[in-house]
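Student: Chains as they are written, first to last, in the numbering used here: chain A, 143 to 453; chain B, 143 to 453.
C-beta atoms are modelled at their ideal positions from N, C-alpha and C, and glycine is treated no differently.
For clarity, every value in this text was computed on a predicted model and none was experimentally measured.
My structure is below; once you've seen it, I'll send some questions.
There are 2 protein chains.
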Amino acid sequence: MSKDIDRIEKELERVVFSKEEILSHASLQLLQSGGKRIRPVFVLLGGKFGNYNIDQIKNVAVALELIHMASLVHDDVIDDANMRRGKPTINAKWGNRFAMYTGDYLFAQALQSITNIENPKAHQVLAQTILEVCKGEIEQIRDKYDFEQNLRCYLRRIKRKTALLIAVSCELGAIAAGAKEEVQRSLYWYGYYVGMSFQIIDDILDFVATEEQLGKPAGGDLLQGNVTLPVLFAMQEATLRDKITKVTEQTSTEEMSELIEGIKMSGAIEEAFEVSERYLQKALHSIKPLPRGQAKLALRSVAKYIGKRKF
Amino acid sequence: MSKDIDRIEKELERVVFSKEEILSHASLQLLQSGGKRIRPVFVLLGGKFGNYNIDQIKNVAVALELIHMASLVHDDVIDDANMRRGKPTINAKWGNRFAMYTGDYLFAQALQSITNIENPKAHQVLAQTILEVCKGEIEQIRDKYDFEQNLRCYLRRIKRKTALLIAVSCELGAIAAGAKEEVQRSLYWYGYYVGMSFQIIDDILDFVATEEQLGKPAGGDLLQGNVTLPVLFAMQEATLRDKITKVTEQTSTEEMSELIEGIKMSGAIEEAFEVSERYLQKALHSIKPLPRGQAKLALRSVAKYIGKRKF
C-alpha cells in the first residue's frame, strides 16, 4: 500500500500548490512538517473492503488530510500556538489573518477533491462531520480553563476533535469503494474507537514526552487551559486539584514543571492509559465481523501501534 | 415570490440556531443585521427557469447566503472591522478567534444544506467557487495599500469577492431546478455581470453615502488599504495620486475627509459609475436568449435596481 500512500503524498503537494507564493509556502510547510497521514491510511484501508480503486479513493484520502490540516491551522490560531512539530506555526510566521485564510483555502481544496466522488452519501457524511468538528472547536474555546468540567465533557470534545474524522476516514473509504452498509458501519466504529484512543494517548504524551519529541514544551495543553484526561484524573487528588485550578497563561515554567511532575506521580497517566486501552479493545472488537484478509490484519496492527506509540 | 423568501428567512434562522449560546447569538445578529438576501433571490429566480420546487431549491438559497455570511465574518477579521451595518462586528464583540469559528460553522452549515441536492454538478460548481472566493480573499490581503495595482487586478479581485458568488447563485438555482445547460450558462453570465456592477456600486457608495447609510464612516475602504475603482480613477490625477499613496491606517479623520472630497471632485466617481453601467448592460444582454416570462422580467428589474441603488 506504500505506493498508494506515496501517490497521495504527491497529490497533496499538487493540490496545495498555488500561484500565490506565501500560500503555497505556508501549505507546503504544513504538509512537510510531517504528520502521520493516518487519515489517508484509514481511507485506503477502508477502501480495501470494497472495490478498491486508487484513482477514486485518493480523492477521499486527500480531502480528509486537507480538512485535518485546515483544522490544525485554525486550532493554532485559537491556541495562539507558536510551534508545531518543531517549526513556527503559520500564525506565528505570517499572522492570524493569513492563517485563517490558509485554513479556509485548504478546506476549499478538500471540498473540491471530494466532488470527484459521486455518491451523495459521501457528501452528506462529510458535511455532517465538518459541522461536528466545528462545534467541537467552539466547545474547546468555551471549555478552556474550566476546571469544573467532567469526563463526559472531555470525551465529547475529543470525539469531535479527533475521533469523528478518523471514524469517517474509515467509513468514507468504504463508501467510495462501494462496500456494504454493514462494513461501512463496522469501519466507522473501529475508526471512532481508535480515534478516541489516539487522542487520549496524544493528551498523555503532552505530559510524558520530551520537548524534543513534542516539538514544543511539555504540559502545553494544560498551560493553554485545555483540560485533558490526565488532568481530570489528577484533580481527584485535593492538593493537585488546588494547584491545577490556579493555572493560567501566566503560570511560570518552573511552576508548570513542578505541576507536571506532580501529575505524573499521581497515577493519573496510568489511569488515562487504561481508558485508552479500553477504547482500543472496543476498536478491535468492532472489526470482528469484517471479512478476513490483509486489510483486516492491517487494521488490527494499526490499532495496536496506536496503543503503544511513544510520541 | 415573497412567500418563498420568507420561507428561506425562517430556514436560515433554524439552521444557524445552535445549543452553543454565543454561537447562536452571533449568527443571529449577523442574520438580523439585514443584508438584502440578494443571493437567495437570484437562486429562486434561477430556479424559475426549470422545474421550480421550493423544497429543493431552498437548500441552495440557504447554502449561498450562509457562505456569503461566513465570508463576511472572516472579512471583518481580515479588515479588523469594528462595525457592520451599524452594529459591532463579531470580532469586535467576541474576538478574532471566535469570529473565525463562527465563520467556519456557518460555512459547514452551508455545506450540509447543499448536500440535499443530489446533482454532482452542483457540488462541483460550489466547491470551485469557494476555492476562488478564498483565493480572492488572500489577494485582498496581499493587495492592501498596494497603490501600484492596475484595473485588471481590481476587476479580478471583485470577481472573486462578489461576482462569482452571484453568478453561481443564478446558475445553481437553474441547476437545482434541472434547467437546460444553455439556460444555466446565460444565468451564470447575467449573475457575473450584475455582481461586478453591484460591487462597483458598493465601492462607490463607500465614498458617496453618508455614515448613517453605511453604518460606518465613509472612505473606510481606502483607510483600510482597499484600492477600489474610484481610487484607481482618482489616482490618474497627480496631486490626488500623491495624497492617496500616502494613506495608511494612521491617516487622521480630517485628512481622510479632505481626501474623500478631492476624490469626489475629480470625476472618479462618475467614471466608476460608467464602468458599472457597462456591466449592467452586459447583464441585460446575457438574458436575451432566456424564455420570456415573469422570471425574466424580474431579472431585468433586479439589474436595473442594482444600477440605481443609493445605499
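1) Can you pull out the residues from the region 243 to 269 of chain A whose beta carbon lies closer than 7 Å to at least one beta carbon of chain B?
2) Which first and last residues belong to the alpha helix (DSSP H) in which L422(A) is found?
3) Listing by chain order, which chain B residues have their CB less than 7 Å from the CB of N238(A)?
4) Using only CA atoms, which one of Q436(B), R442(B), A437(B), D221(B) lies nearest to H427(B)?
5) Going by DSSP, what residues sit across from R226(A) in a beta bridge?
6) Among the residues of its own chain, which have a CB less than 7 Å from the CB of N201(B), if the five just before and after it don't count?
7) My parser needs the alpha helix (DSSP H) runs of 4 or more residues fully inside the region 294 to 340 of chain A; what are they?
8) Around the Cβ of T370(A), are there at least 16 other Cβ atoms within 10 angstroms (buried) or fewer (exposed)?
9) For I220(B) and chain A, any beta-carbon pair shorter than 8 Å?
10) Considering Cα atoms alone, identify which of F375(B), D363(B), T244(B) is closest to S111(B).
11) Against chain E, does H427(B) count as a neighbour if the rule is that its beta carbon must be under 8 Å from one of theirs?
12) Identify the continuous alpha helix (DSSP H) that holds G278(B) and give its terminal residues.
13) For a test of the three-state rule: what should DSSP assign to V366(B), helix, strand or coil?
14) Restricting to runs no shorter than 4 residues, where is the alpha helix (DSSP H) found entirely within the region 147 to 197 of chain A?
15) Does the region 295 to 308 of chain B touch the region 222 to 233 of chain B, meaning 3 or more C-beta pairs lie closer than 8 Å?
16) Tell me the rounded alpha-carbon separation between E163(B) and D221(A).
17) Using DSSP with H/G/I as helix, E/B as strand and the rest coil, what is A250(B)?
18) How far does the alpha helix (DSSP H) with F375(A) in it extend, from its first residue to its last?
19) Please classify S144(A) as buried or exposed, where buried requires at least 16 neighbouring CB atoms within 10 angstroms.
20) Going by alpha carbons, who is nearest to L253(B) out of L248(A), Q251(A), Q266(A)?
21) With hydrogens ignored, establish whether the beta-carbon of A168(A) is closer than 7 Å to any heavy atom of the ligand PLP.
22) Go to R477(A), then tell me how far its alpha helix (DSSP H) extends in each direction, as first and last residue.
23) Return the first residue and the last residue of the alpha helix (DSSP H) that I259(B) is part of.
24) Could you tell me the boundaries of the alpha helix (DSSP H) in which D384(A) lies?
25) Closer than 8 Å by beta-carbon distance: list the chain A residues that pair up with E279(B), in chain order.
26) I'd like to check one pair, A212(B) with I150(B): are the Cβ atoms closer than 8 Å?
27) Note down the Cα distance separating D246(A) from S175(A), rounded to an integer number of angstroms.
28) Buried or exposed for L172(A), please, with buried defined as at least 16 other CB atoms from any protein chain shown within 10 angstroms of its CB.
29) I think V185(B) touches I199(B), with their Cβ atoms under 8 Å apart; what is that distance to the nearest whole Å?
30) Would you kindly report the start and end of the unbroken alpha helix (DSSP H) that includes K358(B)?
31) Closer than 9 Å, Cβ to Cβ, to anything on chain B: give me those residues from the region 152 to 176 of chain A, in chain order.
32) Determine the chain A residues that contact H216(B) at a beta-carbon separation under 7 Å, and present them in chain order.
33) With 16 as the cutoff for other CB atoms within 10 Å, does A264(B) come out buried or exposed?
Tutor: This is what the structure gives:
1) Going along the region 243 to 269 of chain A in chain order, one finds Y243, D246, Y247, A250, Q251, L253, Q254, T257, E260, P262, H265, Q266, A269 with a Cβ nearer than 7 Å to chain B.
2) Taking the first residue of the first sequence as 1, we reach residue 422(A) at position 280. From DSSP, the alpha helix (DSSP H) with L422(A) extends over 410 to 428.
3) Sequence index remark: in the first sequence, residue 238(A) carries index 96 (1-based). Proximity of chain B to N238(A) at the Cβ level (cut-off 7 Å) is accounted for by N238, in chain order.
4) By one-based count along the second sequence, residue 427(B) stands at place 285. Comparing Cα positions, the closest option is R442(B).
5) Residue 226(A) sits at position 84 when you count from the first residue of the first sequence. In the DSSP assignment, the residues bridged to R226(A) are K229(A).
6) Here the question's residue 201(B) lines up with position 59 in the second sequence. If we look at N201(B) and ignore the five residues flanking it on each side, its Cβ neighbours are S255, I256, N258, I259.
7) Runs of alpha helix (DSSP H) with 4 or more residues, each lying fully within the region 294 to 340 of chain A, are found at 306 to 318, listed in chain order.
8) The residue given as residue 370(A) occupies position 228 in the first sequence. Buried.
9) Start at 1 with the first residue of the second sequence, and residue 220(B) comes out as number 78. Chain A, which has a Cβ nearer than 8 Å to the Cβ of I220(B), makes this yes.
10) Chain B is shown only over 143 to 453; residue 111(B) falls outside these bounds and no answer can be derived.
11) Of the chains in the structure shown, none is chain E; the protein chains are A and B.
12) Within the second sequence, numbered from 1, the residue matching residue 278(B) stands at position 136. DSSP places G278(B) inside the alpha helix (DSSP H), whose first and last residues are 262 to 285.
13) Along the second sequence, one-based indexing puts residue 366(B) at 224. Here residue 366(B) turns out to be Gln, not Val, going by the sequence shown. DSSP places Q366(B) in coil when its eight states are reduced to three.
14) Runs of the alpha helix (DSSP H) inside the region 147 to 197 of chain A: 163 to 174, 180 to 189.
15) No, they do not touch.
16) Numbered from 1 along the second sequence, position 21 holds the residue referred to as residue 163(B). Numbered from 1 along the first sequence, position 79 holds the residue referred to as residue 221(A). Each residue's Cα considered, the two are about 21 Å apart.
17) Indexing the second sequence from 1 puts residue 250(B) at position 108. Here DSSP, grouped into helix, strand and coil, assigns A250(B) to helix.
18) By one-based count along the first sequence, residue 375(A) stands at place 233. If you look at F375(A), you'll find it in the alpha helix (DSSP H) that goes 371 to 376.
19) For the purposes of this step, residue 144(A) is identified with residue 2 of the first sequence, where counting begins at 1. By the neighbour-count criterion, in which 16 or more other beta carbons inside 10 Å mark a residue as buried, S144(A) falls on the exposed side.
20) Counting from one through the second sequence, the residue named residue 253(B) turns up at place 111. Comparing alpha carbon positions, the residue from L248(A), Q251(A), Q266(A) closest to L253(B) is Q266(A).
21) For the ligand PLP, the structure offers nothing, since it holds no ligand at all.
22) This structure cannot speak to residue 477(A), because chain A is shown only from 143 to 453.
23) Position 117 of the second sequence, counting from 1, holds the residue named residue 259(B). Element bounds for I259(B): n/a, residue is neither H nor E.
24) Here residue 384(A) corresponds to residue number 242 of the first sequence, with the count starting at 1. Where D384(A) is concerned, the enclosing alpha helix (DSSP H) starts and stops at 380 to 386.
25) Numbered from its first residue, the second sequence carries residue 279(B) at position 137. Here the neighbours are Y243, D246.
26) The residue you call residue 150(B) lines up with position 8 of the second sequence. The residue you call residue 212(B) lines up with position 70 of the second sequence. With respect to A212(B), I150(B) sits apart: the two C-beta atoms are not nearer than 8 Å.
27) Locating residue 246(A) in the first sequence gives position 104, where the first residue counts as 1. Locating residue 175(A) in the first sequence gives position 33, where the first residue counts as 1. If you draw a straight line from the Cα of D246(A) to the Cα of S175(A), it is about 19 Å long.
28) Here residue 172(A) refers to the residue found at position 30 when the first sequence is read from its first residue. Label assigned to L172(A): buried.
29) Sequence index remark: in the second sequence, residue 185(B) carries index 43 (1-based). Sequence index remark: in the second sequence, residue 199(B) carries index 57 (1-based). Yes, V185(B) and I199(B) are in contact; Cβ-Cβ is about 6 Å, under 8 Å.
30) Against the second sequence, residue 358(B) aligns to sequence position 216. Premise fails: K358(B) is in no alpha helix (DSSP H) and is neither H nor E.
31) Hits within the stretch, in order: S160, K161, E162, I164, L165.
32) Position 74 of the second sequence holds residue 216(B). Near H216(B) (Cβ distances below 7 Å), the residues of chain A are M242, D246.
33) Taking the first residue of the second sequence as position 1, residue 264(B) is located at position 122. Buried is the call here.
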